[in-house]
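Residue numbering for the sequence shown follows our numbering, beginning at 1 and increasing consecutively.
To keep things clear, I will list the structure first and then write my remarks on it.
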Amino acid sequence: MHTLKYLTGYPATLTDQIQRLIDHEKLGEMLLKKYPAPHQVKTDKALYAFIMDMKNQYLRQSSPISKIVYDDKIDLLHQALGLHSFVSRVQGSNLKAKNEIRIGSVFKTVPLEFLSMIAAHELAHLREKQHNKAFYKLCVYMEPNYHQLELDTRIYMTYLDRVGPLY
């Protein structure tokens with residue numbers, strides 16, 4: 001039996017249930033029933049607009065974001081789903097700080113709910129750098145179903161790893 005690398009840390013009862021769905025080839029059916037179609041945010045420009053709309057709705061006073069892109073180089077296991085970077089550079093006598101959000105290219109073909117959860121996670125890093133209680137409270141503020149969507153995204157990643165693309 002393979003380990004479910006995207007679900008480490010979850011209870012054995014849950015991972016056993018997911019493993020049974022994989023073994024009986026029912027996991028894809030379950031995911032499609034819950035999330036029947038992928039989103040239409042396919043380009044970097046559309047992703048920028050999507051995330052900036054979310055930022056303007058929930059985090060208007062936070063730092064500006066200089067770049068938002070899909071990135072094929074993100075290692076999904078170690079950097080999970082997306083990457084928020086804060087870059088400081090000295091230009092003359094000024095210190096310039098830039099925030100960038102990069103989301104794994106694999107998320108061009110997922111349900112909109114998954115993309116929204118990832119966006120909420122990366123935007124929360126504008127205010128909270130660490131994954132602490134305040135960070136997750138901010139994630140839930142932006143995406144009320146955040147925790148369920150994170151689990152479902154990890155289940156989808158498990159399916160993708162084992163079987164291949166769903167959409």
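Each residue gets a CB set at the ideal place from its N, CA and C atoms; glycine is no exception.
None of these values were measured; they are calculated from a predicted model.
Cβ-Cβ separation between Tyr6 and Asp161: approximately 7 Å, consistent with a contact (criterion under 8 Å).
Where Asp72 is concerned, there is no enclosing alpha helix (DSSP H), because DSSP gives it neither an H nor an E. Residue burial annotation: Asp152 is buried, with at least 16 other C-beta atoms found within 10 angstroms of its C-beta. Within the same chain, Lys42 and Tyr70 come within 7 Å of Lys108 by CB-CB distance, once the 5 residues on both sides are set aside. Counting the other CB atoms within 10 Å of its CB gives His131 a total below 16, which places it among the exposed residues. Exclusion of the five residues before and after Ala37 leaves Pro111 and Tyr167 as the residues of its chain whose Cβ lies within less than 8 Å of its Cβ.
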